[in-house]
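Each residue of the sequence shown is one higher than the last, beginning at 1 in the UniProt record's numbering.
To start, the structure under review is shown below, and the notes come after it.
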Amino acid sequence: MSTRPKTKKFLSLVDIQFVIPAYQRNYEWDYEQCHQLIQDIIKVGTSTDPQFHFIGSIVYIQEDVFTTDDIKELVVIDGQQRITTIILIYIALCAVGKELDNFELVDRIRDRYLINKYADKEGRLKLKPSDNNDKALSYLIQLDFDFDFEGNSRLLENFKFVQKFVTKENYEIIENGLNKLSFVEIILEKGIDNPQKIFESLNSTGKNLSEGDLIRNYIFMNMNIGDQNRVYKIWSLIENSCIQNDLNESRSKHIEFIRDYITLKSGDVPKKQRLKTYESFKELFKWTTTDNMENTVEDLKKYAVYYDKIINPYKEPDLEIRTQLRYLLKLDKVIAIPFVLQVYDDYKNKIINKIEFIEVLETIQSFLWRRFLCGRQSSFIVALLAKLRNEINIKDYVPSLQKALLSKLEKNTPVFPSNNEVRNILKIKNIYKGQTRNVNYLLERLENFDNEEPVLIDNNPKITIEHIFPVNPAKGWEQSLNKKDFNLLKNKYLHTLGNLTLSGNNGKLGNRFFLDKRDLQSEGKECGYKYSRLWLNKHLASLEKWDVEEVDKRFDLLFERFLQIWKLPTVDSQIKEHITFEETNILKLGDPTGKKIDYVLFKGKKQSIKNLTNLYTFVLRLALEDGKERDFKKSLLERFSIHSDDKKLKNALFIKDGYYAEAKINSRTKLFRIKEVVKMLGITDEISVKYSLN
1 MSTRPKTKKF LSLVDIQFVI PAYQRNYEWD YEQCHQLIQD IIKVGTSTDP QFHFIGSIVY
61 IQEDVFTTDD IKELVVIDGQ QRITTIILIY IALCAVGKEL DNFELVDRIR DRYLINKYAD
121 KEGRLKLKPS DNNDKALSYL IQLDFDFDFE GNSRLLENFK FVQKFVTKEN YEIIENGLNK
181 LSFVEIILEK GIDNPQKIFE SLNSTGKNLS EGDLIRNYIF MNMNIGDQNR VYKIWSLIEN
241 SCIQNDLNES RSKHIEFIRD YITLKSGDVP KKQRLKTYES FKELFKWTTT DNMENTVEDL
301 KKYAVYYDKI INPYKEPDLE IRTQLRYLLK LDKVIAIPFV LQVYDDYKNK IINKIEFIEV
361 LETIQSFLWR RFLCGRQSSF IVALLAKLRN EINIKDYVPS LQKALLSKLE KNTPVFPSNN
421 EVRNILKIKN IYKGQTRNVN YLLERLENFD NEEPVLIDNN PKITIEHIFP VNPAKGWEQS
481 LNKKDFNLLK NKYLHTLGNL TLSGNNGKLG NRFFLDKRDL QSEGKECGYK YSRLWLNKHL
541 ASLEKWDVEE VDKRFDLLFE RFLQIWKLPT VDSQIKEHIT FEETNILKLG DPTGKKIDYV
601 LFKGKKQSIK NLTNLYTFVL RLALEDGKER DFKKSLLERF SIHSDDKKLK NALFIKDGYY
661 AEAKINSRTK LFRIKEVVKM LGITDEISVK YSLN
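Here it is as C-alpha cells:
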C-alpha cells in the first residue's frame, strides 16, 4: 500500500489497462456525485495552495497475465466510479482541445490518460469497463459526436453532464485541478491477500453495497479474468431471471431468490436483517475452487429458471400450470417459494407428472389461503414449508405431502384449518376492507371454477367488486327491510362474502334497491343481475328480495363451491413410508430429524452405522483417505471446517489421523454436508441408507 500518490501519475502509467471485472456493479454515479467531484476539481484547480485534494482509495489486483501487446492488467476492486468519472472529465478536456484546434492538448491527454497508443484493439483503452460501457467509452474517445451511439450507457449521460462544466474559459483550471488529485493506493497480491475481506471492510461505511453485490463479488473475486467472464455469462442469466415484470414496472427480486435458494438447500430461512443472506450464502457455499463455485452458479441458474416462471407466470408455456402459478402469485405467499422451486424441479425431472404438479400447487394454495382467512400467523409455517420437501415420499408424492400437512399441529391445533373453522370465520369476515388482490383472488376463483370461458378479473377496469346491499343504501332498502335485518346488513354482513359479487356495471347499479339492481336497463342496455353472464350473479337473477336470510343462503352456495376449489385433503392413513424405511440413495435421503439408522450400504457391503453422526464421520474419513492430493484435501478442510487442533472447535468429533470436525451441528446440516462430501468423492451411486423402524 502506498499513501496518496498523484492520480495523474497513476492514470498515465505506460502499457497498463485498468480492468473493471464483469461481476462488479455497473458504473452508476448520478449527476449529484459527478457535480461534487467537478466542483472539488475546480476549487483545487483555482487555488494557489500546492496541497493535493484527496479523493479516497483505489484497490486493485495486479494480474499475472498480459494481453498480446504486453499490456498489464490491473483489476479494479474498489474505485471504479471515481476512475471512470475522471476519465470522462479528461475526454471533455480533449473535446475542448479539438474545439480550440489545440491538438497538442488533445494528443497529450489522449495518449497519456485515455489510450495505450501502440496497443492493438483489445488493449488500447486505458480503462476497460464492462458490457455496453466499453463500447460507449470507445465512442467518446473518438470525439466524433456527429453520429448517435447505439445503446444506453450511464457513461454517455454523465459525459454530457460534465461537459457543461469543462469549457474553453476554464479548461486550464480543470487540468490543474486534475493534477492535484491524490488517493490511497491499495495493491492486493494474488493468492496471498483476501480481496473479499478487504472489499467488505472498505464498503462497511458510506453507501452500502446491496447483498446481491456482495454475493456476486464473493463468487467471482477469486477467479481469474478468463473464468470470471465465462461464469459471469451464467450469472447474468440468473439476474435477468429474477426481474418481476408488472404492467407498470419491473423490479429485481434477485436477493429474494438467493434467500429462497439458501432455504431450499439448507432447510433454514436466512433472517432478513442486513447481510444475513450474504453471511448465510458464504457459510453454505464455501469458496474452495473455481469449479466448485461454477457448479454452484450452474445450480442457481437451474432454479432461477423456475423462479422466473413463479414470479412471471406468463412465461410458463403450459396453460394449466400457468394458471395455478398466477393464482399462487396473487396470494403473495412468498414463504411457499422455496418449496415450489423444489417441486418444479421434481416436475422437470419427471419425478411427478403435470397432474401431480398442479395438485401440489392447489394443495399449497388451499393450505395458505385457509390459514390467511382464519387469521393464522405465518411465522410457524415458514420453517414448516422450508423442510416440507424432506417429508414427501416420491412414490406417493401428493398423498404423502397432504398427509404431512394434515398431521402437523400448532399449539395442539391442526395447522391445516378444517372446513368448519373456515366456514365459521369466512361467513362473518370482512374480506373487502383488506388487500384488493386477496378479495379479487377469492371472487375470481369462485367465478371461474370449472368455467371453460374464464373471466379476466385482474387489471380489468370493466369488472369491479359490487356490494349487493350497498355501502350507502338508497331509501328503498330501509323501507323494504325490517330494522333488525337492515342493521345486520349494514353493520355485520356488508363486507362479507355473501354480500359481494362482481359486475361490469357497478357505477350504474350504485345504491339502488335490490329489485332495481336485478332488472336494471340503462340507455337501452341490459345492466342488471338477471342479464349478467357471470356465475356469481346467476343466483341473484331469480331472487325477489335481499335480506339476511338470502345472504346466508348465498354464502352456503358460495362455500359449497369454495370447498371444491380449496379442498381439505383426505388421504389414506396407510400410506407406505417407502423413503423412510427402505434402502434409499444417500442423495434422496429425507429429513433425518428424530430418525435412527438401521444400516448403511457402501459398495454393496453393509456398514454398522446406527446414527447420523457415525455416518458423518464415515464419509469424512473416506474423504480424508481419498484426498491425498493437496488441493483436494485443502478444499475439504476449508469447506467443512476440519482442523488438526481440536481446541478450535466447540465440540470436537475425531475423524482420523489427528483431524477433527465440529460435532455440534443440527441433523439437517450434517446430512447436507454428507451429501456434499459424497458428491465431491463421486460415490453418489455407491452409498445408500436404511432408516430403522424403531
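Backbone N, C-alpha and C fix where the C-beta goes; we use that ideal spot for every residue, glycine too.
Mapping DSSP to helix, strand and coil, what is Asp268? coil
Using only the alpha-carbon positions, how far apart do Asn651 and Ala661 sit? 8 angstroms
Residue from Trp566, Val548, His539 whose Cα sits closest to the Cα of Leu557: Per the Cα distances, His539.
Which of the three DSSP states, helix, strand or coil, is assigned to Gly682? Looking at Gly682 - three-state DSSP - the assignment turns out to be coil, as it is neither helix nor strand.
Beta strand (DSSP E) runs contained entirely in the region 124 to 198, provided each spans 3 or more residues: Here the runs fully enclosed are 181 to 188.
Coarse secondary structure for Ala383, derived from DSSP in three states: helix
Can you tell which of Phe486, Glu453, Asn511, Pro454 has the C-alpha that lies nearest to the C-alpha of Glu466? Asn511
Can you list, in chain order, the residues of its chain whose CB lies under 7 angstroms from that of Arg259, leaving out five sequence neighbours each side? Pro270, Thr277
Cα-Cα, which of Glu279, Phe513, Leu534 is closest to Asn472? The residue from Glu279, Phe513, Leu534 with its alpha-carbon nearest to that of Asn472 is Phe513.
Take the Cβ of Arg533 as the centre, count every other Cβ of all protein chains shown within 10 Å, and call the residue buried at 16 or more, exposed below. An exposed status is given to Arg533, since fewer than 16 other beta-carbon atoms sit within 10 Å of its beta-carbon.
Should Ser204 go down as buried or exposed, given a rule of 16 or more other Cβ atoms within 10 Å for buried? Caution applies to Ser204, whose pLDDT of 44 falls short of 50 and renders its modelled position unreliable; the model cannot decide the point.
Can you list, in chain order, the residues of its chain with a C-beta nearer than 6 angstroms to that of Ile507? Leave out the 5 residues immediately preceding and following it. What sits at residue 507 in the sequence shown is Gly, not Ile. Nothing meets the Cβ criterion.
Taking a contact to mean a Cβ-Cβ separation below 8 angstroms, would you say Val689 touches Ala623 in this structure? no
Return the first residue and the last residue of the beta strand (DSSP E) that Asp598 is part of. For Asp598, the enclosing beta strand (DSSP E) begins and ends at 597 to 602.
By the 10 Å Cβ neighbour count, where 16 or more other Cβ atoms means buried, how is Asn238 classified, buried or exposed? For the record, residue 238 in the displayed sequence is Ile; it is not Asn. Answer is buried; the Cβ neighbour count reaches 16.
Work out the CA separation of Leu385 and Tyr691 for me, nearest whole Å. 23 angstroms
Proximity of residue 744 and Phe183 at Cβ, strictly below 8 angstroms: Because the chain is modelled from 1 through 694, residue 744 falls outside the range shown and cannot be assessed.
Residue range of the beta strand (DSSP E) that Glu359 falls in? Under the DSSP assignment, Glu359 falls outside any beta strand (DSSP E), being part of the alpha helix (DSSP H) whose first and last residues are 354 to 373.
Counting only the same chain and skipping the five closest in sequence on each side, list residues whose C-beta sits under 7 angstroms from that of Val305. Ser241
Can we say the region 172 to 181 touches the region 122 to 129, given the rule of at least three CB pairs closer than 8 angstroms? no
At least 3 beta-carbon pairs within less than 8 angstroms: the region 406 to 421 vs the region 365 to 373: yes
How is Arg251 classed by DSSP in three states: helix, strand or coil? strand
Among Gly476, Thr48, Lys411, Gly97, nearest to Ile179 - alpha-carbon criterion: Before going on, a small fix: residue 179 reads as Asn here, not Ile. In terms of Cα proximity to Asn179, the closest of Gly476, Thr48, Lys411, Gly97 is Thr48.
Should Arg251 go down as buried or exposed, given a rule of 16 or more other Cβ atoms within 10 Å for buried? Answer is exposed; the Cβ neighbour count stays below 16.
Between the Cα of Ile115 and the Cα atoms of Val14, Thr167, Gln51, Asp144, which residue gives the shortest distance? Val14
Would the beta-carbon of Val422 fall within 8 angstroms of that of Ile431? no
Which ranges would you report for the beta strand (DSSP E) in the region 476 to 551 if only whole runs of at least 3 residues count? Listed in chain order, they are 500 to 503.
Following the continuous beta strand (DSSP E) through Ser688, name the residue where it begins and the one where it ends. 687 to 691
Using 7 angstroms as the cut-off, classify the Cβ of Tyr531 as near or not near the heavy atoms of the ligand COA, replying yes or no. This structure lacks the ligand COA, and indeed carries no ligand of any kind.
Within 10 angstroms of the Cβ of Leu155, are there 16 or more other Cβ atoms? Answer buried if so, exposed if not. buried
Keeping to the same chain, check which residues put their C-beta closer than 8 angstroms to that of Leu405; ignore five residues upstream and five downstream. Thr363, Phe367, Leu388, Val415, Phe416, Pro569
Whose CA, out of Leu275, Tyr314, Ala541, Ile565, lies closest to the CA of Asn451? Ile565
Excluding the 5 residues preceding and the 5 following Ser573 in the sequence, name in chain order all residues of the same chain whose CB lies nearer than 6 angstroms to its CB. Only weak support is given to the placement of Ser573: the predicted model assigns it a pLDDT of 43, under 50, and the value that follows is read from those uncertain coordinates. Cβ neighbours of Ser573 beyond the five flanking positions: none.
Buried or exposed, going by whether 16 or more other CB atoms sit within 10 Å of the CB of Asn460? Exposed, because fewer than 16 other Cβ atoms sit within 10 Å of the Cβ of Asn460.
Taking the continuous beta strand (DSSP E) assigned at Thr84, which residues delimit it? Per DSSP, Thr84 belongs to no beta strand (DSSP E); it is in the alpha helix (DSSP H), 80 to 99.
Unbroken stretches of the alpha helix (DSSP H), 4 residues or longer, contained in the region 277 to 307: Qualifying alpha helix (DSSP H) stretches: none in this window.
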